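Heads up: take any position in the sequence shown, counting from 1, add 6, and you land on the numbering used here.
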Amino acid sequence: MANEPRDPMQLEEPMFILGNGEVYRNQTEVKMSQIVLPCHANYCGELSAGQLLKWMDSTACLSAERHAGCSCITASVDDIHFETTIGVGQVVNITAKVNRAFTSSMEVGVLVSCEDLFSDRHWKVCHAFATFVARRTEAGKVQLKQVIPRTQAEQMEYSLAAERRRMRLIHAEIINDLLSSCSSQTVSECLDYQEAVPAERTRVESVELVLPPHANHQVSTFGGQIMAWMENVATISASRLCNAHPTLRSIDMFHFRGPSHIGDRLVLKAIVNNAFKKSMEVGVCAEAYQGGEPLRHINTAFMTFEVLDNDRKPCTLPRIRPEPVDGKRRFQEAIARKKIRLDRKYIISCKQSEVPLSVPWDPSNQMYLSYNNVSALKMLAARTNWVLTSEKKKVSLYTLEENQMLCFKVETHVAVAAEQVFLLLSDLRRRKAWDHHYQECEVITDSHEDDTIYQVVTPSVTKGGKVQDFILLASRRRPCDSGDPYMIALRSVTLPAYPPTEDYNRGEVLCAGFSIWEEENSFTKISYYNQATPGVLPYISTDIAGLSSSFYCTFASCSAFLEENKDSLASLPTSTLLALCRVRVFSISTLSRSCRRRTSVLRASLKMSRRPLATSRSIWRSVTFSTRCLCILALSNA
Numbered sequence: 007m008a009n010e011p012r013d014p015m016q017l018e019e020p021m022f023i024l025g026n027g028e029v030y031r032n033q034t035e036v037k038m039s040q041i042v043l044p045c046h047a048n049y050c051g052e053l054s055a056g057q058l059l060k061w062m063d064s065t066a067c068l069s070a071e072r073h074a075g076c077s078c079i080t081a082s083v084d085d086i087h088f089e090t091t092i093g094v095g096q097v098v099n100i101t102a103k104v105n106r107a108f109t110s111s112m113e114v115g116v117l118v119s120c121e122d123l124f125s126d127r128h129w130k131v132c133h134a135f136a137t138f139v140a141r142r143t144e145a146g147k148v149q150l151k152q153v154i155p156r157t158q159a160e161q162m163e164y165s166l167a168a169e170r171r172r173m174r175l176i177h178a179e180i181i182n183d184l185l186s187s188c189s190s191q192t193v194s195e196c197l198d199y200q201e202a203v204p205a206e207r208t209r210v211e212s213v214e215l216v217l218p219p220h221a222n223h224q225v226s227t228f229g230g231q232i233m234a235w236m237e238n239v240a241t242i243s244a245s246r247l248c249n250a251h252p253t254l255r256s257i258d259m260f261h262f263r264g265p266s267h268i269g270d271r272l273v274l275k276a277i278v279n280n281a282f283k284k285s286m287e288v289g290v291c292a293e294a295y296q297g298g299e300p301l302r303h304i305n306t307a308f309m310t311f312e313v314l315d316n317d318r319k320p321c322t323l324p325r326i327r328p329e330p331v332d333g334k335r336r337f338q339e340a341i342a343r344k345k346i347r348l349d350r351k352y353i354i355s356c357k358q359s360e361v362p363l364s365v366p367w368d369p370s371n372q373m374y375l376s377y378n379n380v381s382a383l384k385m386l387a388a389r390t391n392w393v394l395t396s397e398k399k400k401v402s403l404y405t406l407e408e409n410q411m412l413c414f415k416v417e418t419h420v421a422v423a424a425e426q427v428f429l430l431l432s433d434l435r436r437r438k439a440w441d442h443h444y445q446e447c448e449v450i451t452d453s454h455e456d457d458t459i460y461q462v463v464t465p466s467v468t469k470g471g472k473v474q475d476f477i478l479l480a481s482r483r484r485p486c487d488s489g490d491p492y493m494i495a496l497r498s499v500t501l502p503a504y505p506p507t508e509d510y511n512r513g514e515v516l517c518a519g520f521s522i523w524e525e526e527n528s529f530t531k532i533s534y535y536n537q538a539t540p541g542v543l544p545y546i547s548t549d550i551a552g553l554s555s556s557f558y559c560t561f562a563s564c565s566a567f568l569e570e571n572k573d574s575l576a577s578l579p580t581s582t583l584l585a586l587c588r589v590r591v592f593s594i595s596t597l598s599r600s601c602r603r604r605t606s607v608l609r610a611s612l613k614m615s616r617r618p619l620a621t622s623r624s625i626w627r628s629v630t631f632s633t634r635c636l637c638i639l640a641l642s643n644a
């Protein structure tokens, strides 16, 4: 999408028994099984990746339409990584189900596994997340019904779908940020390399006529068919670079820009953008036209290929010499996309045991670390096998031991609005007002509007020992809709400018944070989660063992802190007030006429997007609290 979300679906989920004794099955679940025949295979006797993409898209579309009750079209597909190949005679099992529905779009999870009929072995091939959009009907735009998750796995995917959607929306922004920081040095090196293969040699162009067998039941070109044609020309392009049979390893996230129909001529173009040591990136573009009309852009995808030796190990590839102008741009963009692929694989796709406690942070991977941070907390919160260890005056302590990892949860309720609880707990600098474990806390950097990095100092766990410090990334999320909680996720990161020092023992947090649920009558449920790493466990071990109830004192103090500040905005830090510009939480009727007059000059000057951040903050701090309130209202209406 605890430090990292595990595989989104398991090959075999445990059965969920309903109250009437029946075995539960997701109503949107669709399964397809296909035996691989020679007509489905490539030159190596393995299932063509294009054919597999057609089956995956077909299965996902049927699942989406089962939920929507109307025709659906493929809007986008997230990154796909093919872990293994599939041979002739083996069976492909594809399972698709809707994870979450939004207004008119929905996320469909697709799991592909392989079955050997002779040895009865099963293994995972890949998984993917596709976004489908319900087509308009005669009644107008379709409003999709909400998915109601029943099992723990469904609840987890439902929650993570909101994070994955957020990642899709900012994907282009991440690419642009990386491109702006790329150097042209590597391009110059390849231009000087005499044995480099000219990129022009790998260029492929092919045209396909869209016939009725290529169309779906909506008389539009089948999305899976377009992907199969694109994979075909990409494979030819990759073969021309290496003079061998390449194997498709991954496809980057891509979006369908427009529809294609029967009678269209589909022009497919492919070229190798860059060749790395063991892999190459091939860019593919699909455009359509009919008659003399101009070309319509349908799709662009980037595919990564490897060449395997007899031991199935990647071979070293020849270098490539990019074409002038556009070729250099594509060369640089391929480097940026490789950086993103490595970040996603390292931070998002790997299993929890493969991720270190503290992951290096830098501007290029901040979005993926933020995704990982929130997703890990959502997965921890979705667990259903928590065991109540202790309870005192409506403050409950739960524990969970799983995969040799001890986790704990503290839960309480407060008579404070969830929005206000979220704002008060979001700034870790205020936590020392109620948590005696926080001696000092300072902001290192505001890496993003929803992410802040702090240095936290905590007392020594032993008498006379050194105090501990933590470098924590705090990621904040507001609800995606009324069924979601507010989230404040915490995890350790490493920064070169803040290495461990002799004055402190550097502690690490794997996954921690708050889940804040709005309940009736302005009551809010607060759940605090933490995976007990060696740096955290000493602070809670006596509570878990039942030898003390310091957790109660801490969260009773937290409740008192929230109660005292539930109506106070003046106590909120400037960074939180600035964030409120995006939320209309103030009523103009609460502000005096004189206050409105005093802010007339500041309305234009506080357009944060047009002023340097330091200048904006200095102006902001120079005015009274009531003046700030009106400025926030003015900006939110601007």
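Where is the CB? At the ideal position from N, CA and C, for every residue including glycine.
This structure is a prediction, so every number in the text was calculated from the model and none was measured.
Residue nearest to P218 within the set V416, H267, R141 and T65 is H267 (criterion: CA-CA distance). Judged by beta-carbon spacing, S110 lies within the 8 Å limit of V148, meaning their Cβ atoms are closer than that value.
Note that the C-beta distance between V213 and R170 is not below 8 Å.
C-alpha of D349 to C-alpha of T208: approximately 28 Å in a straight line.
T507 counts as exposed, since fewer than 16 other C-beta atoms from the protein chains shown sit within 10 angstroms of its C-beta.
If you draw a straight line from the Cα of P505 to the Cα of V463, it comes to about 14 Å. Going by C-alpha positions, E121 is about 15 Å away from H133. Residue environment: G264 is assigned as exposed (fewer than 16 neighbouring CB atoms within 10 Å of its CB, all protein chains considered). Looking from the CA of R347, the closest CA among S69, E397 and I86 belongs to I86.
Apart from sequence neighbours up to five positions away, the residues of its chain that approach T390 with a beta-carbon distance below 7 Å are Q158, ordered along the chain. In the three-state scheme derived from DSSP, where H, G and I count as helix and E and B as strand, H419 is classed as strand. Taking the Cα of N280 as reference, the smallest distance to any Cα among D258, V131 and R335 is reached at R335.
Bounds of the alpha helix (DSSP H) holding H73 are A55 to A74. Counted as a single uninterrupted DSSP element, the beta strand (DSSP E) harbouring F311 occupies residues R302 to E312.
Under DSSP, Y460 takes part in a beta bridge, and its partners are V449 and L478. Segment contact: the region 483–500 against the region 373–389, three or more CB-CB distances shorter than 8 Å; contact assigned. Ranked by Cα distance from M38, the first of T143, V153, N99 and G146 is N99. A Cβ-Cβ separation of about 21 Å leaves A421 out of contact with F557 under the 8 Å criterion.
In this chain, the alpha helix (DSSP H) harbouring D332 covers D332 to D349. With a cut-off of 8 Å on Cβ pairs, the region 315–325 is in contact with the region 239–257, counting three or more such pairs. Residue burial is scored here from C-beta neighbours: S565 has at least 16 other C-beta atoms within 10 angstroms and is therefore classed as buried. Cβ-Cβ separation between V36 and R72: approximately 7 Å, consistent with a contact (criterion under 8 Å). Secondary structure note for V29: it is in no alpha helix (DSSP H), with a DSSP letter that is neither H nor E.
Runs of the beta strand (DSSP E) spanning 3 or more residues and lying entirely within the region 114–184 occur at 127–140, in chain order.
Under the DSSP assignment, T91 falls outside any alpha helix (DSSP H); it carries neither an H nor an E label. Beta-bridge partners of K103 (DSSP): G115. In the three-state DSSP reduction, G264 falls in the coil class, being neither helix nor strand. Rounded to the nearest angstrom, the Cβ distance from C76 to T137 is 16 Å, too far for a contact under 8 Å.
Taking each of K283, K275, E312 and F311 in turn and checking the Cα distance to A294, the smallest one comes out for K275. With a 10 Å radius around the Cβ and a threshold of 16 neighbouring Cβ atoms, S466 comes out exposed. By the C-beta density criterion, W129 is exposed, having fewer than 16 other C-beta atoms within 10 angstroms.
Remark: C-beta atoms of G56 and M233 approach each other more closely than 8 Å.
Classified as buried, H177 has 16 or more neighbouring CB atoms from the shown chains inside 10 Å of its CB. When only Cα atoms are considered, K469 and S402 end up about 29 Å apart. Comparing alpha-carbon positions, the option among I92, E160 and P155 lying closest to R127 turns out to be I92. Its Cα nearest to that of D332, the residue A205 stands out among A205, D487, V449 and S243.
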